[in-house]
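Notes to accompany the following structure.
In this note's numbering, the protein residues as written are 2 to 286.
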């Protein structure tokens, strides 16, 4: 490693450092870079002589390597609470991935970059309502999944803001389908971003087996409609679900904006203004 560091110094225009012994190089690195935040000439990432160099939010930092070993965390009674937290965070991560996978077609281009963390936070709130299992063993499936209603996959756009029409969501176990229906007067009810000429509505339903990582999903998409239309549009989107899978079903509803150009419709700003959110939860058990 020291040889590589010496070479880096030489390449950066410091011939003085060619062939310098590793101890001197490490000393110079300590002088130049070993602060809470790196302020030296070179910005380094990696480990050198027990020091970890890393980048965060575009800035470079250094800290001493070390910490509690994994074996101690797994076995030491004093770290029981840590083990409990790790187990529950792992549960949340698994179920977050399941939900995102179930709605992957709807989320392509319609979810903000921090959706994984935000969905994890929402699912952790659900997990904490599990009144059956002990701490460290709590499950998302045993919590109040109704708390997910209103969660938006795009942090920069919400369905309630973009669509003022009072569309109703209904689950029908006998037909195993969810319906999103009502009427929309585009010029009045659709709050379109600048540049949008058209919109379309989307509905999806996902039946989720949280305990066995199973999921079945279906979706429906409405027609492209001009955002300034003064004609009332009837909405009746339906998506099927499988209540026998586990009894847990989430419905996603959203609006996508498009821009007309040379007779073709294109996604506006690559979906940056599209709003997709969990409109409701249904349990058939």
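Don't be surprised by glycine CBs; every beta carbon is placed ideally from N, CA and C.
Test item: CB-CB of residue i and residue j under 7 Å
| i | j | result |
| --- | --- | --- |
| residue 168 | residue 181 | yes |
| residue 99 | residue 216 | yes |
| residue 149 | residue 204 | no |
| residue 185 | residue 236 | yes |
| residue 199 | residue 225 | yes |
| residue 241 | residue 178 | yes |
| residue 221 | residue 251 | no |
| residue 276 | residue 158 | yes |
Buried or exposed by the 16-neighbour rule on C-beta atoms within 10 Å, applied to residue i
| i | result |
| --- | --- |
| residue 266 | exposed |
| residue 231 | exposed |
| residue 271 | exposed |
| residue 138 | exposed |
| residue 175 | exposed |
| residue 196 | exposed |
| residue 223 | buried |
Those residues which DSSP pairs with residue i across a bridge
| i | result |
| --- | --- |
| residue 250 | 208, 283 |
| residue 170 | 181 |
| residue 60 | 57 |
| residue 256 | 202, 276 |
| residue 261 | 266 |
| residue 226 | 200 |
| residue 220 | 205 |
| residue 146 | DSSP, once it has assigned bridges, lists no residue as partnering residue 146. |
Anticipated Cβ contact below 8 Å, residue i with residue j, distance rounded
| i | j | result |
| --- | --- | --- |
| residue 103 | residue 209 | 6 Å |
| residue 122 | residue 211 | No, residue 122 and residue 211 are not in contact; Cβ-Cβ is about 17 Å, not under 8 Å. |
| residue 256 | residue 170 | That belief does not hold up - the Cβ atoms of residue 256 and residue 170 are roughly 14 Å apart, past 8 Å. |
| residue 162 | residue 145 | At roughly 25 Å, the Cβ-Cβ gap does not stay under 8 Å, so residue 162 and residue 145 are not in contact. |
| residue 269 | residue 194 | 7 Å |
| residue 117 | residue 132 | With 8 Å as the limit, residue 117 and residue 132 do not qualify as a contact, their Cβ atoms being about 27 Å apart. |
Euclidean distance between Cα positions of residue i and residue j
| i | j | result |
| --- | --- | --- |
| residue 285 | residue 246 | 10 Å |
| residue 166 | residue 278 | 15 Å |
| residue 218 | residue 120 | 18 Å |
| residue 156 | residue 88 | 27 Å |
| residue 154 | residue 115 | 9 Å |
| residue 254 | residue 60 | 39 Å |
| residue 282 | residue 258 | 25 Å |
| residue 188 | residue 58 | 42 Å |
| residue 24 | residue 106 | Any reading at residue 24 must be qualified, since the residue scores a pLDDT of 49, below 50, and its modelled position is unreliable; the value itself is stated next. Approximately 55 Å between the Cα atoms of the pair. |
| residue 75 | residue 86 | 12 Å |
| residue 34 | residue 47 | The predicted model places residue 34 with a pLDDT of 44, which falls under 50 and marks its position as unreliable, so this point remains unresolved. |
| residue 173 | residue 244 | 10 Å |
| residue 83 | residue 92 | 14 Å |
| residue 124 | residue 190 | 31 Å |
| residue 214 | residue 264 | 43 Å |
| residue 52 | residue 63 | 7 Å |
| residue 79 | residue 72 | 13 Å |
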